[in-house]
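To start, the structure itself, in structure tokens.
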Amino acid sequence: MPRTIRLATGDDAAQIQAIYAPFCTDTPVSFELEPPTVAEMGERIFKTLEQFPWLVWDEGGEALGYVYARPFRERPAYQWSTEATVYIRRDQRRRGLGKKLYSALFRLLVLQGYVNVYAGITLPNPASVGLHETMGFELVGIYKGVGYKHEAWHDVGFWQRPLQPQRLQPASPKNWHELAGTREWEDALDPG
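This is the structure:
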């Protein structure tokens, strides 16, 4: 069965929504209380793809997980930093898909010119903390009792990972559309 990492499209919205919905309804991992509709998920994909990659792990046409980046903050001085999120379908966890998706995303973000990537994790979540620390993230702070869901207050930890060295006078990050189709871009998507 062919295994690929590829850019998400609107056609993936239903499968991506199905992966994400249990995180909204069954766990405090996402602070959304109700899962987005398929149409809303499609809009999120398109909005993200205006500037950032949204990648899907595809096996035989089936999306088993996804990862994407988004702006860390809106002010111009933050433009070299991004926040990333990864979700894997419940029955596909512990296969290394999160690591492979994150690795591909980070290679693409470096090509674009991003310097730092951040991740927020609702605590406790030892599996997500383990994945992020394995990928080189370090804990930089915890918001205590910042969200209330499932009859409990939850902390959110923030992890940071440098993508490349900081430089003086950095060029603004490129839109991924400028890089798509290049050899470097295609190499970055190789699932390994």
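Count along the sequence shown from 1, add 261, and you get the number used in the working numbering.
Don't be surprised by glycine CBs; every beta carbon is placed ideally from N, CA and C.
Presumed contact (8 Å Cβ cut-off) between residue i and residue j, rounded CB distance
i, j, result
"G326", "L362", "6 Å"
"A345", "V378", "5 Å"
"H411", "P289", "5 Å"
"A449", "L392", "The pair is not a contact, with the Cβ atoms about 20 Å apart (cut-off 8 Å)."
Residue i burial status per 10 Å Cβ neighbour count (16 or more: buried)
i, result
"W341", "buried"
"G418", "buried"
"L358", "buried"
"H438", "exposed"
"Y348", "buried"
"T466", "Since the first residue shown for the chain is 262 and the last is 453, residue 466 is missing from the structure and cannot be characterised."
"A441", "exposed"
"D352", "exposed"
"T383", "buried"
Reference residue i, options the options, closest by Cα
i, options, result
"A261", "E447, G442, S433, P423", "For the chain, the structure presents residues 262 to 453; residue 261 sits outside this window and is missing."
"F333", "W414, A380, P426", "A380"
"V371", "D272, K435, E295", "K435"
"E399", "R350, T288, I280, V390", "V390"
"V317", "G442, A365, R422, E335", "A365"
"E394", "L369, R368, P423", "P423"
"P263", "E323, E445, Q425, A279", "E323"
"Y281", "T383, D272, P452, R350", "R350"
"E445", "I277, A388, F367, A300", "F367"
"M396", "Q421, I277, T383, P385", "Q421"
"I277", "V299, R267, I266", "V299"
"D272", "D287, I306, I266, T265", "I306"
Straight-line gap, residue i to residue j (C-alpha atoms, nearest Å)
i, j, result
"P297", "E320", "24 Å"
"E304", "A275", "12 Å"
"Q430", "G374", "12 Å"
"C285", "F292", "7 Å"
"K308", "Y329", "11 Å"
"G408", "R331", "21 Å"
"Q312", "Q427", "21 Å"
"L268", "M302", "15 Å"
"L294", "R356", "28 Å"
"Q425", "D416", "29 Å"
"E335", "P314", "18 Å"
"A388", "T343", "22 Å"
"T443", "D287", "41 Å"
Contact test: residue i Cβ vs the ligand ZN heavy atom, cutoff 6 Å
i, result
"G359", "What this structure holds is no ligand at all, so the ligand ZN is not there to describe."
Contact with chain D by residue i, beta-carbon distance below 7 Å
i, result
"L362", "Here there is only one protein chain, and chain D is not present."
Query raised in the report: Fully enclosed by the stretch 299 to 327, which alpha helix (DSSP H) runs are 4 residues long or longer?
Result: Those alpha helix (DSSP H) runs which fall completely within the stretch 299 to 327 and span 4+ residues are 299 to 309.
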